[in-house]
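K.L.:
Once you've had a glance at the structure underneath, I'll fire off some questions.
In this note's numbering, the protein residues as written are -11 to 558.
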């Protein structure tokens, strides 16, 4: 009983140890097996032939975690229902579609064959059979191309053998999509390039979206009220209607009302921080926010370097006329991701020093929001004024926090990465603070031999920042605490922090100047709101429904009577 309960006790356990890996695979199988068997139960109860399974169910694989559903459905159809392989495989491929959510090769899930064989022996046999038939097709398409055959195999034969779950998802699905325009193009050109050459018709883009019901109406009722008052109700069901506020943006009274709303929301959040953390922040300061998963590619530590640079400027010139800022961080790191944990430690240590230094004169405050989750997100997104979307170009698939910030009137500082590209296109380049290398420039710099130490030695401000960390200023004299982080930046810097530092700091200087012009900043913020309609989850789901699932809408009246208009899910 205790062993079985472990499956649902801790989702996504630390997988550094073999026990953690086994539990993860057991969890993935448990959830997909329950779901598929429930689908079959419903079909049997309604007397619908199994041959129509794909007509009644569309299953979207949300990254590779549920990809084991492909061999599981084959097992159910072939082993338990007695169906021949070919019709079972046709049903399976028509049922599944695969959404890729990452451009990081190391994040594409792979399972050691011995572990997989121990946990799911029959599924491994089915995967071998899928692979054999798949590779037969590859041989027909690419005669004699052994290298391509190896790259397309569901089994990685290099060193210890692994099951490639992204490959399984590609082969077992009728559609493959990315979650932002740039992300999809990079999938086709790089991460899944061989599969794109093999079956280009499978690929499409479905840019992510977030629901305005939660991220405006529920979390920001003051803004929702302003929208109701200015353009009428109904915008939350059709977010494209936000464009109707654009004519109001030139109205000084409308801008003043917007500023009143933002100030009141910031005061609410400041009160929450005071009660929750006993930290006092100035609601009249610029709320500069970065909340998201802690990861090196998201570069929270680049943000930290900028904070230290501002801190040093104030230490060297106590009378410096600096735009007051409150830096707010939030996010969690994977259990075994030691560098991410060290990044959190750096942020909190910088905050400890900056917040208690009288030389700062309350011009800088650093807050790390604990337990960042949806509830805390509903507090922080409406209060934010600057949205930090600073990942290395070519690493972020899409992002959705960037969309929540935009809908609530935060202006973005960001790279040309993920959905930032589309956010900038929608908002207008003049309402977005762009910095950093492009995807092509990142690739070119790495190819030519990137030497981060050159950036360190050629930029005195960057050198002073790094030296302050390395000398133990933020770690009570302990020079070893942040040594792994500093050494990684100076000798390797895989996510190009030092290469982008100068551009980032310059863009942040522009932010500080722009924020002081309250009328100009109000226009920027309101135009971001007005032009955020594309990023509604309604649009995203409609794209999936029309292009991948082939589903027609189901109308539901207020009394709960359903009016079906056909399609999947009846």
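For glycine and all other residues, C-beta sits at the position ideal for the given N, C-alpha and C.
In this text the structure is predicted, and so the values were computed from the model without any measurement.
Once DSSP output is grouped into helix, strand and coil, what is the label at residue 536?
P.N.:
helix
K.L.:
Kindly give me the distance between the Cβ atoms of residue 565 and residue 52, rounded to whole angstroms, as I take these residues to be in contact under 8 Å.
P.N.:
The chain is shown only over -11 to 558; residue 565 falls outside these bounds and no answer can be derived.
K.L.:
Measuring from the CB of residue 25, is there a heavy atom of the ligand NAP at a distance below 7 Å?
P.N.:
No copy of the ligand NAP occurs in the structure displayed, which carries no ligand at all.
K.L.:
Relative to the C-alpha of residue 326, which candidate in -3, -5 and 3 has its C-alpha closest?
P.N.:
3
K.L.:
Are there three or more Cβ pairs, one per stretch, closer than 8 Å when the segment 306 to 317 is compared with the segment 343 to 358?
P.N.:
yes
K.L.:
Over what stretch of residues does the beta strand (DSSP E) that includes residue 370 continue unbroken?
P.N.:
Segment 362 to 371 is the alpha helix (DSSP H) holding residue 370; no beta strand (DSSP E) there.
K.L.:
Starting from the N-terminal side, write out each stretch of the beta strand (DSSP E) that is 3 residues or longer and does not extend beyond the segment 319 to 358.
P.N.:
352 to 357
K.L.:
Along the chain, where does the beta strand (DSSP E) containing residue 282 start, and where does it finish?
P.N.:
No beta strand (DSSP E) holds residue 282; DSSP gives it neither H nor E.
K.L.:
Is DSSP giving residue 464 helix, strand or coil here?
P.N.:
In this structure, residue 464 counts as coil in the three-state DSSP scheme.
K.L.:
Between the C-alpha atoms of residue 120 and residue 141, what's the straight-line distance to the nearest angstrom?
P.N.:
9 Å
K.L.:
In or out: residue -6 buried (at least 16 other Cβ within 10 Å) or exposed?
P.N.:
exposed
K.L.:
Is it buried or exposed for residue 30, if we count other Cβ within 10 angstroms and need 16 for buried?
P.N.:
Exposed is the call here.
K.L.:
What residue does the alpha helix (DSSP H) around residue 60 start on, and which one ends it?
P.N.:
57 to 63
K.L.:
Should residue 507 and residue 210 be called a contact, given that it needs their Cβ atoms to be closer than 8 Å?
P.N.:
no
K.L.:
Any chance you could list the beta strand (DSSP E) runs of at least 3 consecutive residues sitting entirely within the segment 149 to 221, in chain order?
P.N.:
Counting only runs of 3 or more, we get 150 to 152, 164 to 166 and 191 to 193.
K.L.:
Along the alpha helix (DSSP H) that carries residue 438, what are the first and last residues, could you check?
P.N.:
Element bounds for residue 438: n/a, residue is neither H nor E.
K.L.:
Would you please state the rounded distance, in angstroms, between the beta carbons of residue 381 and residue 438? I believe it to be under 8 Å.
P.N.:
That pair is no contact at about 14 Å.
K.L.:
Using the three-state DSSP reduction, which class does residue 92 fall into: helix, strand or coil?
P.N.:
coil
K.L.:
Since I believe residue 20 is in contact with residue 68 (beta carbons under 8 Å), could you give me their beta-carbon distance rounded to a whole number of angstroms?
P.N.:
Rounded, the Cβ-Cβ distance is 15 Å, inconsistent with contact.
K.L.:
Can you tell me where the beta strand (DSSP E) with residue 376 in it begins and where it stops?
P.N.:
Counting along the chain, the beta strand (DSSP E) containing residue 376 begins and ends at 374 to 377.
K.L.:
Taking the alpha-carbon of residue 233 as reference, which of 530, 518, 532 and 535 has the nearest alpha-carbon?
P.N.:
518
K.L.:
Within the segment 254 to 312, note down every full alpha helix (DSSP H) run reaching 4 residues or more, in order along the chain.
P.N.:
288 to 304
K.L.:
Counting only runs that start and end within the segment 394 to 458, where is the alpha helix (DSSP H) found for 4 or more residues in a row?
P.N.:
408 to 415, 427 to 436, 440 to 446 and 448 to 458
K.L.:
What residue does the beta strand (DSSP E) around residue 47 start on, and which one ends it?
P.N.:
Per DSSP, residue 47 belongs to the beta strand (DSSP E) from 47 to 50.
K.L.:
Would residue 567 and residue 478 be called neighbours here (beta carbons separated by less than 8 Å)?
P.N.:
Since the first and last residues shown for the chain are -11 and 558, residue 567 lies out of range.
K.L.:
Taking 8 Å as the cut-off, does the segment 369 to 377 touch the segment 387 to 398 (at least 3 CB pairs, one atom from each stretch)?
P.N.:
Verdict: yes, contact present.
K.L.:
For the beta strand (DSSP E) that contains residue 34, what are its first and last residues?
P.N.:
Per DSSP, residue 34 belongs to no beta strand (DSSP E); it is in the alpha helix (DSSP H), 6 to 34.
K.L.:
What residues in its chain sit with their C-beta under 7 Å from that of residue 388, if we drop five residues either side in the sequence?
P.N.:
196 and 198
K.L.:
Can you check which of these residues, 249, 173 and 471, is closest to residue 272 by C-alpha distance?
P.N.:
249
K.L.:
With a threshold of 8 Å, are at least 3 pairs of Cβ atoms found where one atom belongs to the segment 415 to 433 and the other to the segment 486 to 504?
P.N.:
yes
K.L.:
Can you tell me whether residue 282 is buried or exposed? The criterion is at least 16 other CB atoms within 10 Å of its CB, across all chains shown.
P.N.:
buried
K.L.:
Alpha carbon to alpha carbon, how far is residue 193 from residue 9?
P.N.:
31 Å
K.L.:
Where in the segment 472 to 541 do unbroken runs of the beta strand (DSSP E), each at least 3 residues long, occur, reported from the N-terminal end onward?
P.N.:
Taking only runs of at least 3 residues, no beta strand (DSSP E) segment lies wholly in the segment 472 to 541.
K.L.:
Which partner residues does residue 100 have in the DSSP bridge list?
P.N.:
150
K.L.:
At what residues does the beta strand (DSSP E) containing residue 563 begin and finish?
P.N.:
Outside the shown range of the chain, which is -11 to 558, sits residue 563, and nothing can be said about it.
K.L.:
Beta-carbon within less than 6 Å of residue 335's beta-carbon, same chain only, minus the 5 sequence neighbours each way: which residues are those?
P.N.:
Taking residue 335 as the centre and dropping the five residues before and after it, the same chain places the C-beta of 292, 317 and 356 closer than 6 Å to its C-beta, in chain order.
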